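Note that the sequence shown covers residues 25 to 128 in the numbering used here.
I have placed the structure first, in the form of structure tokens, so that the comments after it can refer back to it.
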Amino acid sequence: MAVAGLQLAQDMSLERNRMKHEEDEFGTQVQLMIKLPDGSETEVAARMGYTVQYLKVLLHKEHGIPLSMGLESTDGRPLLDPLSLSDCMNIRPGETNVLIVKIL
Numbered sequence: 025m026a027v028a029g030l031q032l033a034q035d036m037s038l039e040r041n042r043m044k045h046e047e048d049e050f051g052t053q054v055q056l057m058i059k060l061p062d063g064s065e066t067e068v069a070a071r072m073g074y075t076v077q078y079l080k081v082l083l084h085k086e087h088g089i090p091l092s093m094g095l096e097s098t099d100g101r102p103l104l105d106p107l108s109l110s111d112c113m114n115i116r117p118g119e120t121n122v123l124i125v126k127i128l
């Protein structure tokens, strides 16, 4: 039983280290609600350091949306591919941020 407890403690320590590394590398977590062209919505837990292009790749893989898609905020401002989410002034940690997919 002591061996299992030690293994669990080691596993938890490794997970904490992984999460700390991810936060150091990619920044604070942010919730995104993405409105898809078919009217459905999908939630994405992202990091502020993720690029817009990375989000597009995720949406392409999960929903088959063309990589040429545009992403914009609810006020109509486009999110540009080379920028990270932290560069987009409308994206705020601690809030659910709504983005809209536009097929170009």
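Built from N, CA and C at the ideal position, the CB exists for glycine as well.
Note that this is a predicted model, so its numbers are computed, not measured.
If you compare the alpha carbons of Leu82, Pro61 and Met57 with that of Arg116, the shortest gap goes to Met57.
Glu96 and His87 have their C-alpha atoms spaced approximately 17 Å apart.
About 6 Å separates the CB atoms of Met93 and Leu128; that is less than 8 Å, so the two are in contact. Taken atom to atom, the span from the alpha-carbon of Gly100 to that of Asn114 is near 11 Å. Counted as a single uninterrupted DSSP element, the alpha helix (DSSP H) harbouring Leu82 occupies residues Val76 to His87. In the DSSP secondary-structure assignment, Ile115 is not bridged to any residue. A distance below 8 Å between beta-carbons, with the five flanking residues on each side excluded, links Pro106 to the following residues of its chain, in chain order: Thr75, Val76 and Gln77. In the three-state reduction of the DSSP assignment, Ser97 falls in the strand class, which pools E and B. Thr52 sits away from Leu60, with the two beta carbons spaced by 8 Å or more.
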